[in-house]
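Read through the structure below, which is laid out as C-alpha coordinates, and then see the notes.
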Amino acid sequence: MYFYKEIEKSVKILKRGKCLLYPTDTVWGLGCDAFNLNSIEKIYKIKNRNISKSMIILVENIDRLYELIEYIPNLVKKIIQDNSIKKEKPITIVYKKPRKIVSNLLINSEDNTLAIRLTNDPFCSHLIKTLDRPIISTSANLSGFPTPKSFSEISYSILSKIDYSVNFRRREKARYNSSSILKIISNKIKILRM
(Lines of atoms letter the chains of each structure in order from A; the text may use other names.)
(Lines give C-alpha, C1' and ligand atoms only; values in the text may rest on other atoms or scores of the structure.)
Protein backbone atom coordinates (compact mmCIF):
# COMPACT_ATOMS: atom_id res chain seq x y z
CA MET A 1 0.00 0.00 0.00
CA TYR A 2 2.83 2.40 0.90
CA PHE A 3 4.40 1.76 -2.53
CA TYR A 4 1.30 3.12 -4.29
CA LYS A 5 1.08 6.16 -2.03
CA GLU A 6 4.62 7.10 -3.00
CA ILE A 7 3.76 6.58 -6.68
CA GLU A 8 0.73 8.85 -6.24
CA LYS A 9 2.76 11.60 -4.49
CA SER A 10 5.51 11.35 -7.10
CA VAL A 11 3.12 11.63 -10.03
CA LYS A 12 1.54 14.75 -8.52
CA ILE A 13 5.01 16.30 -8.22
CA LEU A 14 5.90 15.43 -11.82
CA LYS A 15 2.58 16.71 -13.20
CA ARG A 16 3.27 20.06 -11.52
CA GLY A 17 6.55 20.33 -13.42
CA LYS A 18 8.67 19.55 -10.38
CA CYS A 19 11.75 17.37 -10.03
CA LEU A 20 12.00 14.09 -8.18
CA LEU A 21 14.70 12.09 -6.41
CA TYR A 22 13.77 8.42 -6.78
CA PRO A 23 15.13 4.86 -6.69
CA THR A 24 15.81 3.32 -10.09
CA ASP A 25 16.99 -0.04 -11.42
CA THR A 26 20.55 1.26 -10.94
CA VAL A 27 21.33 4.12 -8.50
CA TRP A 28 19.10 6.87 -7.08
CA GLY A 29 18.09 9.18 -9.88
CA LEU A 30 16.97 12.73 -10.50
CA GLY A 31 13.95 12.74 -12.72
CA CYS A 32 11.16 14.73 -14.26
CA ASP A 33 8.54 14.53 -16.99
CA ALA A 34 10.56 14.04 -20.20
CA PHE A 35 8.19 16.42 -21.99
CA ASN A 36 8.55 19.33 -19.56
CA LEU A 37 11.32 21.66 -20.75
CA ASN A 38 11.46 23.74 -17.55
CA SER A 39 11.88 20.62 -15.43
CA ILE A 40 14.63 19.27 -17.69
CA GLU A 41 16.50 22.58 -17.46
CA LYS A 42 16.11 22.52 -13.67
CA ILE A 43 17.79 19.10 -13.48
CA TYR A 44 20.74 20.43 -15.48
CA LYS A 45 21.04 23.28 -12.96
CA ILE A 46 20.71 20.98 -9.92
CA LYS A 47 23.51 18.76 -11.23
CA ASN A 48 25.57 21.68 -12.53
CA ARG A 49 25.72 19.64 -15.74
CA ASN A 50 26.88 20.97 -19.08
CA ILE A 51 23.90 21.16 -21.47
CA SER A 52 25.99 19.53 -24.18
CA LYS A 53 25.73 16.25 -22.21
CA SER A 54 22.40 14.58 -22.94
CA MET A 55 20.45 12.57 -20.34
CA ILE A 56 18.59 9.30 -20.64
CA ILE A 57 14.88 8.65 -20.72
CA LEU A 58 13.15 5.77 -18.93
CA VAL A 59 10.14 3.99 -20.41
CA GLU A 60 8.17 1.10 -18.95
CA ASN A 61 7.20 -0.87 -22.05
CA ILE A 62 7.90 -1.34 -25.75
CA ASP A 63 4.82 0.67 -26.78
CA ARG A 64 6.15 3.74 -24.94
CA LEU A 65 9.52 3.14 -26.60
CA TYR A 66 7.83 3.26 -30.03
CA GLU A 67 6.40 6.68 -29.13
CA LEU A 68 10.00 7.96 -29.02
CA ILE A 69 11.76 5.82 -31.63
CA GLU A 70 10.56 5.27 -35.16
CA TYR A 71 12.38 2.01 -35.84
CA ILE A 72 13.64 -0.64 -33.44
CA PRO A 73 15.75 -3.36 -35.08
CA ASN A 74 14.86 -6.98 -34.28
CA LEU A 75 18.27 -7.46 -32.67
CA VAL A 76 17.47 -4.67 -30.18
CA LYS A 77 14.05 -6.15 -29.44
CA LYS A 78 15.76 -9.46 -28.67
CA ILE A 79 18.31 -7.80 -26.36
CA ILE A 80 15.52 -5.99 -24.51
CA GLN A 81 13.40 -9.13 -24.22
CA ASP A 82 16.32 -11.29 -23.02
CA ASN A 83 17.34 -8.67 -20.46
CA SER A 84 13.77 -8.43 -19.20
CA ILE A 85 13.55 -12.20 -18.72
CA LYS A 86 17.02 -12.70 -17.21
CA LYS A 87 16.84 -9.56 -15.01
CA GLU A 88 20.49 -8.80 -15.70
CA LYS A 89 22.25 -5.44 -15.51
CA PRO A 90 19.96 -2.75 -16.95
CA ILE A 91 20.68 -1.72 -20.53
CA THR A 92 20.37 1.78 -21.95
CA ILE A 93 20.25 1.87 -25.73
CA VAL A 94 21.24 4.86 -27.83
CA TYR A 95 18.89 5.12 -30.81
CA LYS A 96 19.28 7.08 -34.06
CA LYS A 97 16.61 9.45 -35.36
CA PRO A 98 14.31 9.86 -32.36
CA ARG A 99 10.80 11.10 -32.90
CA LYS A 100 10.03 14.66 -31.88
CA ILE A 101 10.47 15.30 -28.18
CA VAL A 102 10.13 18.51 -26.21
CA SER A 103 13.79 19.35 -25.78
CA ASN A 104 16.90 19.03 -27.89
CA LEU A 105 18.74 18.88 -24.56
CA LEU A 106 17.91 15.17 -24.51
CA ILE A 107 19.19 14.53 -28.01
CA ASN A 108 22.89 14.17 -28.69
CA SER A 109 23.38 16.95 -31.24
CA GLU A 110 26.53 15.37 -32.71
CA ASP A 111 24.71 12.38 -34.16
CA ASN A 112 20.97 12.95 -33.53
CA THR A 113 20.62 10.12 -31.02
CA LEU A 114 18.53 9.56 -27.90
CA ALA A 115 19.42 7.30 -24.97
CA ILE A 116 16.50 5.26 -23.60
CA ARG A 117 16.25 2.48 -21.02
CA LEU A 118 13.27 0.19 -20.80
CA THR A 119 13.19 -0.26 -17.04
CA ASN A 120 12.34 -3.48 -15.24
CA ASP A 121 12.21 -1.73 -11.86
CA PRO A 122 8.68 -2.01 -10.35
CA PHE A 123 8.74 1.49 -8.83
CA CYS A 124 9.93 3.17 -12.03
CA SER A 125 7.54 1.14 -14.20
CA HIS A 126 4.51 2.06 -12.09
CA LEU A 127 5.61 5.69 -11.92
CA ILE A 128 5.88 6.01 -15.71
CA LYS A 129 2.67 4.08 -16.32
CA THR A 130 0.71 6.22 -13.84
CA LEU A 131 2.18 9.47 -15.16
CA ASP A 132 1.55 8.14 -18.70
CA ARG A 133 4.75 9.76 -19.94
CA PRO A 134 8.43 8.83 -20.07
CA ILE A 135 10.71 10.30 -17.41
CA ILE A 136 14.25 11.60 -17.29
CA SER A 137 16.78 9.63 -15.29
CA THR A 138 20.23 10.85 -14.31
CA SER A 139 22.34 9.94 -11.29
CA ALA A 140 21.80 11.99 -8.12
CA ASN A 141 25.19 13.66 -7.98
CA LEU A 142 26.79 16.92 -9.02
CA SER A 143 28.40 16.59 -12.43
CA GLY A 144 31.96 15.31 -12.11
CA PHE A 145 31.45 13.94 -8.58
CA PRO A 146 31.13 10.26 -7.60
CA THR A 147 27.77 8.60 -8.07
CA PRO A 148 26.11 7.80 -4.72
CA LYS A 149 25.41 4.08 -4.26
CA SER A 150 22.63 4.64 -1.70
CA PHE A 151 20.27 7.38 -0.53
CA SER A 152 22.49 8.13 2.48
CA GLU A 153 25.40 9.02 0.14
CA ILE A 154 23.45 11.71 -1.75
CA SER A 155 24.94 15.14 -1.04
CA TYR A 156 23.10 17.95 0.69
CA SER A 157 23.61 20.12 -2.40
CA ILE A 158 21.34 17.73 -4.33
CA LEU A 159 18.86 17.07 -1.51
CA SER A 160 18.36 20.79 -0.84
CA LYS A 161 17.42 21.57 -4.45
CA ILE A 162 15.08 18.71 -5.30
CA ASP A 163 11.30 19.16 -5.03
CA TYR A 164 10.51 15.72 -3.60
CA SER A 165 12.53 12.73 -2.40
CA VAL A 166 10.68 9.43 -2.66
CA ASN A 167 10.41 7.76 0.73
CA PHE A 168 10.94 4.22 -0.51
CA ARG A 169 13.97 1.85 -0.60
CA ARG A 170 16.16 4.42 1.14
CA ARG A 171 18.16 1.79 3.04
CA GLU A 172 19.04 -0.29 0.00
CA LYS A 173 22.45 -0.18 -1.65
CA ALA A 174 22.45 -0.01 -5.46
CA ARG A 175 22.81 -3.41 -7.08
CA TYR A 176 24.29 -1.78 -10.19
CA ASN A 177 26.36 1.42 -10.30
CA SER A 178 25.15 2.19 -13.81
CA SER A 179 23.48 0.63 -16.79
CA SER A 180 25.27 -0.85 -19.75
CA ILE A 181 25.05 1.46 -22.75
CA LEU A 182 24.70 0.11 -26.28
CA LYS A 183 24.48 2.14 -29.47
CA ILE A 184 22.72 1.07 -32.64
CA ILE A 185 24.77 1.73 -35.78
CA SER A 186 23.41 0.36 -39.07
CA ASN A 187 21.65 -2.54 -37.31
CA LYS A 188 24.84 -3.38 -35.42
CA ILE A 189 25.50 -2.98 -31.71
CA LYS A 190 28.39 -0.92 -30.39
CA ILE A 191 29.14 -1.20 -26.66
CA LEU A 192 29.71 2.24 -25.15
CA ARG A 193 29.73 1.12 -21.51
CA MET A 194 29.59 -2.35 -19.95
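Taking full-length UniProt numbering, the leading residue of the sequence shown gets 1, the next gets one more, and so forth. For every residue, glycine included, the Cβ atom is placed at its ideal position computed from N, Cα and C.
Exercise for the section: Round the Cβ separation of Y22 and S10 to the nearest angstrom and send it over; I've been treating them as touching at under 8 angstroms. Expected result: Start at 1 with the first residue of the sequence shown, and residue 22 comes out as number 22. Start at 1 with the first residue of the sequence shown, and residue 10 comes out as number 10. Indeed they touch by this definition, with Cβ atoms about 7 angstroms apart.
Problem - Cα-Cα separation, S179 to T138 - result: Taking the sequence shown and counting its residues from 1, one reaches residue 179 at position 179. Taking the sequence shown and counting its residues from 1, one reaches residue 138 at position 138. Rounded to the nearest whole angstrom, the CA to CA distance from S179 to T138 is 11 angstroms.
Practice task
Leaving out five residues on either side along the sequence, give the residues of the same chain with a beta carbon under 7 angstroms from the beta carbon of residue 217.
Solution key: Because the chain here runs from 1 to 194, residue 217 falls outside it and cannot be looked at.
Problem - Whole-angstrom distance between N83 and P90, CA atom to CA atom - result: Counting from one through the sequence shown, the residue named residue 90 turns up at place 90. Counting from one through the sequence shown, the residue named residue 83 turns up at place 83. Approximately 7 angstroms between the Cα atoms of the pair.
Exercise for the section: Could you tell me whether the stretch 153–167 touches the stretch 68–83, where touching means 3 or more Cβ pairs closer than 8 angstroms? Expected result: Contact fails: fewer than three Cβ-Cβ distances are below 8 angstroms.
Problem - Rounded separation between S52 and R193 - CA only - result: Here residue 52 refers to the residue found at position 52 when the sequence shown is read from its first residue. Here residue 193 refers to the residue found at position 193 when the sequence shown is read from its first residue. Rounded to whole angstroms, S52 to R193 spans 19 angstroms at the Cα level.
Exercise for the section: In the DSSP assignment, find the unbroken beta strand (DSSP E) run with V59 in it and report its ends. Expected result: The count along the sequence shown starts at 1 and reaches residue 59 at position 59. DSSP places V59 inside the beta strand (DSSP E), whose first and last residues are 56–59.
Exercise for the section: Note down the Cα distance separating R99 from K190, rounded to an integer number of angstroms. Expected result: Position 99 of the sequence shown, counted from the first residue, corresponds to residue 99. Position 190 of the sequence shown, counted from the first residue, corresponds to residue 190. The straight-line gap from Cα to Cα measures roughly 21 angstroms.
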